[in-house]
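Chains B and G are the protein sequences, given in the same order. All residue numbers for the first sequence refer to the numbering used here, where the first residue is 1 and numbers rise by one. All residue numbers for the second sequence refer to the numbering used here, where the first residue is 109 and numbers rise by one. Backbone N, C-alpha and C fix where the C-beta goes; we use that ideal spot for every residue, glycine too.
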Amino acid sequence: MRTNQLKHDKLTGDDYLLELVAFLATSARGCLDEPPSYGPFRLIDALSRLTDLPKYAICLKDDEFLHKIKADIDEKKFSVMTNIEEFRIMLDSIVSQVTKQLKARAGA
Amino acid sequence: MIETILEAGRWAPTGSNLQPWKFIVIRNPTTIDLIRKLSPGYFGAAPQAIVICSDKATAYEKGGVMGRDYLTVADCSMAAENMLLAAHALGLGACPMKSFATAAIREVLEIPDGIEPELILIMGYPDEKPSPPPKYPLEEIAFLDRYGQVWPRSK
């Protein structure tokens, strides 16, 4: 939706970290009562949000890999409500990409 | 415009004419941002919201257990649907949201005991037209005369 209300460009790393904390805490509470599939949904949505941290925390480097997996997550994350198999495939793909990245960075 | 939407909610069907609802319009950008941060289900950047609360205490007083435990939810849902249709008719995009932390919303909006936030309608001018989600076909959910007798679709 169109808006001029959000002020994300003015956030500091500390602000954004607190926003993530709020998301995780409220998600944890929600997971007690919400449909079971919302658990993985909140986790992967949290990962998508976490990949934005380098935008606000200047001590972190911009990371192309994080941009890539964020795009992949955001493209498919809502399939949890309409097509659980598509959601599962997306999660498997993210896990696979993260694994390959870890291996590459470890020189394995 | 927002008053038209509120009126649509006010005129929703309600069991025993309980009208067990309170509507909180949120326009303050700081408050909207707080609600967004405390609601995992708040997607996008809708700049306005209406928090639909049920008045459990009054509903119990007037409607007993049924009023408090069932009609509040049913009536607030019917009010929400009326408001969503009104918003759509006015060219707004809107979405009902239940994935918020009740304790947090209560704290931010200073909601007193006995009043329960049930749904948050987030709304704004849409910049996209999302595809509708898949729905069960009528043959699976609609019956004629008795449960299980498939609804005969018109040709």
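Under the three-state DSSP convention, the category residue i falls into
i, result
"M174 (chain G)", "helix"
"Q101 (chain B)", "helix"
"P72 (chain G)", "Lying before the first or after the last residue shown, residue 72 (chain G) is absent from chain G, which here runs from 109 to 263."
"I230 (chain G)", "strand"
"G30 (chain B)", "helix"
"A116 (chain G)", "helix"
"K237 (chain G)", "coil"
"M90 (chain B)", "helix"
"S162 (chain G)", "strand"
"F131 (chain G)", "strand"
"F251 (chain G)", "strand"
"A25 (chain B)", "helix"
"A157 (chain G)", "strand"
Residue i vs residue j beta-carbon contact at 8 Å
i, j, result
"I143 (chain G)", "L227 (chain G)", "no"
"L47 (chain B)", "I73 (chain B)", "yes"
"D177 (chain G)", "L126 (chain G)", "no"
"V216 (chain G)", "T112 (chain G)", "no"
"I158 (chain G)", "M191 (chain G)", "yes"
"L200 (chain G)", "M231 (chain G)", "yes"
"F208 (chain G)", "G149 (chain G)", "yes"
"V80 (chain B)", "F41 (chain B)", "yes"
"F131 (chain G)", "L146 (chain G)", "no"
Own chain partners of residue i with C-beta closer than 7 Å, once the 5 adjacent residues on each side are dropped
i, result
"T180 (chain G)", "P128, S162, K164, A167"
"D45 (chain B)", "K77"
"A187 (chain G)", "G117, A120, W129, I160"
Endpoints, beta strand (DSSP E) assigned at residue i
i, result
"C203 (chain G)", "201-205"
"C184 (chain G)", "Run containing C184 (chain G): none in the beta strand (DSSP E); it sits in the alpha helix (DSSP H), 180-197."
The alpha helix (DSSP H) enclosing residue i, as first and last residue numbers
i, result
"K145 (chain G)", "137-145"
"F65 (chain B)", "64-76"
"K55 (chain B)", "53-56"
"R214 (chain G)", "210-217"
"G39 (chain B)", "38-50"
Proximal residues to residue i (C-beta, below 8 Å), its chain only, five neighbours per side dropped
i, result
"E247 (chain G)", "V258, W259, R261"
"C59 (chain B)", "G13"
"H196 (chain G)", "A202"
Other residues of its chain near residue i: CB distance less than 6 Å, five sequence neighbours each side excluded
i, result
"S185 (chain G)", "none"
"L102 (chain B)", "none"
"D62 (chain B)", "P54"
* May I ask you to list, following chain order, the residues of the stretch 21-52 of chain B that have a beta carbon less than 7 Å from some beta carbon of chain G? => A22, F23, T26, S27, R29, G30, E34, R42
* Which of the residues in the stretch 67-95 of chain B, read from start to end, lie with their CB under 9 Å from any CB of chain G? -> F78, M81, T82, N83
* Asked: Which of the residues in the stretch 206-225 of chain G, read from start to end, lie with their CB under 8 Å from any CB of chain B?
  -> S207, F208, A209, A211, A212
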